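Shown next as structure tokens:
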């Protein structure tokens, strides 16, 4: 992997974030694929931790801050501080790996505590710089700020999970702190940021801006509120509550997917085929699949207490795995690749957030060759993601492993494709 000299500039921090985040996702996919092929339980246990701790924290600490600061410039970005965040995330990856290999749960708790402290810094900056009224004024910023809060909660979950594993009989940690609840809580921060991005760089530019603003404001309460209520009804074991909330969210996703497809049709007809928007549409389609698998998962978990292993009957575990992987490999990874195809070139070109603040964020910042290769990458990613889901259904570990390796390599191609473009025009 080519390393870039960090010169303290914003574009250098952005390129380092690109390298680290893409490498983490690809590594998680490779380890998961190797675990499927070999049946190695350590590898199977490790790969989701790498994804959530590595990509989840780096995306919210760096990328989310770019998006927030593009709206409110007073939230100045310190590239040196962003570099320290990357070091902290990489250190956390080493610690969590060591904790799983050595079976040291207290080290897992320490990793969570470290990440709590790291995320506390940006949160303090946000709430000492922006008033709550100012945060609430901008719909996108609501999404972005809540993502940082959710990330803090997820890291608290990692800390308490480590304590519970270290002292299983103490009763000190609530029953709902489980590995599943940690992964569930860690997936929401990334999801909420994508919603804010979709509003900022797509619908907010509509001719009906006020109507769109109202609708996305309502969707904020439905999506974020629905997530919180969903967690409550899961813990309460309310089957009807889980079904009601999951169907409500499914209908919201269907409306979002249909309206974004219409937006994309109009954009392509008037402008050009932007690969980033195609990635985001693909991400939404896999969010629809995630919601569908989630409802099936709820149906088969009826009568099974939360935190039970396995969470649903063994002959239906393919649904549970399809739900989680459609979310991680599909919705989150596809969407963030699309975001990176917009944000990274916009920052590197001018070494500032100026392009993200204007109307040129969706302009032709990339060459035709780079965009064409991005569409090829999208095709390969979609085929491999579908193959992973099919592998779970067929219980075919060979297919799972092969598709996982192809998916990881396709994700890593993002770095190759963007860096070749940015190097040529540096």
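In the numbering used here, the protein residues as written are 80 to 505. Beta carbons are placed, not taken as given, at the ideal position from N, Cα and C, and that holds for glycine. In this text, all values refer to a predicted model and were calculated from it rather than measured experimentally.
- Excluding five sequence positions before and after residue 416, the CB atoms of its chain that fall closer than 6 Å to its own CB belong to 358, 493, given in chain order.
- With respect to the 8 Å criterion, residue 150 and residue 191 are not classified as neighbours on the basis of their beta carbons.
- Going by beta carbons, residue 500 and residue 459 fall outside the 8 Å limit.
- The beta-carbon distance between residue 227 and residue 198, rounded to whole angstroms, is 7 Å. This is short enough to meet the 8 Å contact definition.
- Sequence-distant partners of residue 485 (beyond 5 residues in either direction) whose C-beta falls short of 6 Å from its own C-beta, in its chain, are 463.
- DSSP places residue 152 outside both helix and strand once states are collapsed to three, so it counts as coil.
- A straight line joining the alpha-carbon of residue 472 with that of residue 372 spans about 12 Å.
- Membership of residue 397 in the alpha helix (DSSP H) is indicated by the continuous run 396 to 404.
- In this structure, the beta-carbon distance from residue 172 to residue 419 does not fall below 8 Å.
- Between the segment 320 to 334 and the segment 389 to 406 there are fewer than three C-beta pairs closer than 8 Å, too few to call the two in contact.
- Residue environment: residue 298 is assigned as buried (16 or more neighbouring CB atoms within 10 Å of its CB, all protein chains considered).
- The closest CA to that of residue 108, considering only 120, 94, 127, is found on 127.
- A straight line joining the alpha-carbon of residue 393 with that of residue 224 spans about 39 Å.
- By the criterion of at least three beta-carbon pairs nearer than 8 Å, the segment 436 to 454 is not in contact with the segment 126 to 140.
- Cβ neighbours of residue 467 within its own chain (closer than 7 Å, five residues either side excluded): 404, 408, 479, 482, 483, 486.
- Pairing residue 365 with residue 339 gives a Cβ-Cβ distance that is not under 8 Å.
- Rounded to the nearest whole angstrom, the C-alpha separation of residue 400 and residue 186 is 27 Å.
- In the three-state reduction of the DSSP assignment, residue 490 falls in the helix class, which pools H, G and I.
- Taken in chain order, the whole alpha helix (DSSP H) runs of length 4 or more contained in the segment 165 to 211 are 184 to 208.
- When 318, 488, 139, 102 are compared, the shortest CA-CA separation from residue 222 is found for 139.
- Annotation for residue 239: the continuous alpha helix (DSSP H) segment containing it runs 218 to 245.
- Residue 280 places its beta carbon less than 8 Å from that of residue 441.
- Taking the Cα positions, residue 413 is about 30 Å away from residue 203.
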